[in-house]
Every structure is written in structure tokens, then in C-alpha cells.
Amino acid sequence: MFSQRLERAAKRLTEGQIADLPDGKPVPAHVAIIMDGNGRWASERYLPRVAGHKKGADTVRSCVRSCGELGISYLTLYAFSSENWKRPLDEVDDLMGLLKIYLKSELEAFHKNNIRFRSIGDRSRLSTDIVKLIEDAERKTENNSGLTLILALNYGAQAEIAAAVRQIATKVAKGELAAEDITEVTVAAHLQTAGIPDPDIIIRTSGEQRLSNFLLWQAAYSELLFVDEFWPDFNKDILVRALEEYGCRERRFGARP
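Its first residue numbered 380, the sequence shown is counted upward by one per residue in the numbering used here.
Structural data, given as C-alpha cells:
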């Protein structure tokens, strides 16, 4: 029965239609993905790691297209963590080069598909040319009303929360905010994702089962799904399978049924 539902949903996706989930449940508004396994994908094929990252970039393109076809409103991709600077310099250079290529090549596709582009993360360590490409893409797509694609670049959730706390503390020190008035809403409003709904589901590829400093505050009530496939092998069928699994879960947000 599950395979039949998956086959029907994948067929609708291929035809560019919105895929209904079991029992008519809607697709999630916000999907976040930890894209993991590029290097291992390459190693298994005796290829350099950059080959895995290149294939992973192709998967990003197809995933963005699929999410738009499914009617998902927000897609956040963990593209480069603040810890990834610890990797060998040549690998970091390869990743930054692929990022520049992606931002340059996809702007036209963003417009064609009504995609709004946004980025979260600390831009201070990114090169000036990459920052300019990010700013250009954000500015030129800000009026698009379809899928919002959010790339997490040089992003770390702990640093994001710490920055929010510093902003709030400054307001308290200036008398602009009373300490007793600080709530969860206050903190959320000072995060880089302010105004963006929290992810309904977080998917991690490659079989690893951890969040790796990704959207820790925002993930409080997110459904978590771990798939065995490496990111370069992630495709439409796997995405639909993940969303079907999400549709079968009962989200209680701490309450009893």
C-alpha cells in the first residue's frame, strides 16, 4: 500500500502537480535539509571529494525544483556550517567556488520559477564577491512569491542564539526592553529566521542521526527524518517518501490527543 501511494505521488510530482499526502494531509510548509554525504559518495566511487560536491550541487537544483512543484513554501538547505572551515583549505576553496557558480547560474531560474532567495549565517568570513552575489540574489528575488529558498551559509545555531541574546541584552541595558518581558517570541524575533515559520520537518541524508548545530531553536517541534541515501543520490522519490512519512505522523506540540 505504501509503495502504491509513493508511486502515485511520484507520478503527480513528475507531472508538476501538487502531491497529496495520506488521508489528504497537506505537504509541510517548511522543509529543512541537512545535506550530508557528498564526500562519502565520492569516496565510494574512488572520486575526489569535489566530485561529490559537484553532484550535490546538481541535487540542490533538482530538489529546489521538486519542492516548488510540490507546493512547499520554504526550503532551508544546510549548505556550509560554521564548523566546515575546519576542513582542508582546498576543499573549502572548492565549496566556495561551487557556491559562486550556483549563485551566478541560478538567478535566472529563480525568476523563471518565482523563487525567492534568502541566506542565513555569518557573512563576515565569506569573500566579498560571494557576499555581493548573495545580496544581489536576495534583492532581485525579494518580490517573488513562490518557494522561498534559504541557504544556511557559515551558519551555526549556537552562534545565532548567542547573537540574539546579545541584541536583547543591549536593548535591556538601554532601557528599551524590560527583562521580565522577554519571552520565547522575543528570542525568535531576534534570530536570523525571524518572520520565517519554523521547519515542519528536518531531513538528514547519509544515515547520520544528529542536527549538527542546525536550527536548534527553530527545531523545537520539528519532525526529524533520517534517510540512508547520501545527498548526491537524493531524488524526487526519496523526497516524496519523506513527505509521506511526515504526513503519517501526528504532531501534538506537547499536548495530548
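Just so you know, even glycine gets a beta-carbon here, dropped at the ideal spot from N, CA and C.
Rounded straight-line distance, which links the Cα of residue j to that of residue i
| i | j | result |
| --- | --- | --- |
| ILE412 | ALA552 | 37 Å |
| ILE529 | PRO578 | 12 Å |
| LEU590 | ASP415 | 11 Å |
| LEU618 | ASN492 | 19 Å |
| VAL429 | TYR453 | 28 Å |
| LYS519 | ILE509 | 15 Å |
| ALA408 | ALA516 | 22 Å |
| LYS550 | SER422 | 50 Å |
| ALA436 | CYS627 | 30 Å |
| PRO467 | GLN546 | 34 Å |
| LEU456 | ASP560 | 33 Å |
| ARG444 | ASP469 | 30 Å |
| LEU449 | LEU594 | 23 Å |
| GLY418 | PRO427 | 8 Å |
| LEU622 | ARG502 | 32 Å |
Short Cβ contact (7 Å threshold) for residue i with residue j
| i | j | result |
| --- | --- | --- |
| CYS446 | LEU532 | no |
| ASN523 | ARG495 | yes |
| SER585 | PHE609 | yes |
| LEU603 | ILE581 | yes |
| ALA543 | LEU570 | yes |
| THR572 | GLN597 | yes |
| GLY535 | SER601 | no |
Enclosing beta strand (DSSP E) for residue i [first to last residue]
| i | result |
| --- | --- |
| HIS409 | 409-413 |
Terminal residues of the alpha helix (DSSP H) in which residue i lies
| i | result |
| --- | --- |
| LEU482 | 468-491 |
| SER445 | 428-449 |
| ILE494 | Per DSSP, ILE494 belongs to no alpha helix (DSSP H) and is neither H nor E. |
| GLY626 | 615-627 |
| LEU512 | 507-520 |
| GLU559 | GLU559 -> no alpha helix (DSSP H), and no H or E assigned at all. |
Closer than 6 Å: residue i CB and nearest the ligand MG heavy atom
| i | result |
| --- | --- |
| THR438 | Annotation note on the ligand MG: not contained in the displayed structure, which lists no ligands. |
Per DSSP, cross-strand counterpart(s) of residue i
| i | result |
| --- | --- |
| THR455 | ALA411, ILE529 |
| ARG583 | ILE413, PHE605 |
| TYR425 | TYR425 is not bridged to any residue. |
| TYR534 | SER460 |
Neighbour flag for residue i against chain D, beta carbons, 7 Å
| i | result |
| --- | --- |
| LYS465 | Within the model displayed, chain D is absent; a lone protein chain is all it includes. |
For the stretch 440-459 and the stretch 484-495, state whether three or more C-beta atom pairs, one from each stretch, are separated by less than 8 Å. Yes, since at least three Cβ pairs between the stretch 440-459 and the stretch 484-495 fall closer than 8 Å, the two stretches touch.
Assess, as a yes-or-no matter, whether the stretch 460-480 is touched by the stretch 543-561 under the definition of 3 or more beta carbon pairs within less than 8 Å. No, they do not touch.
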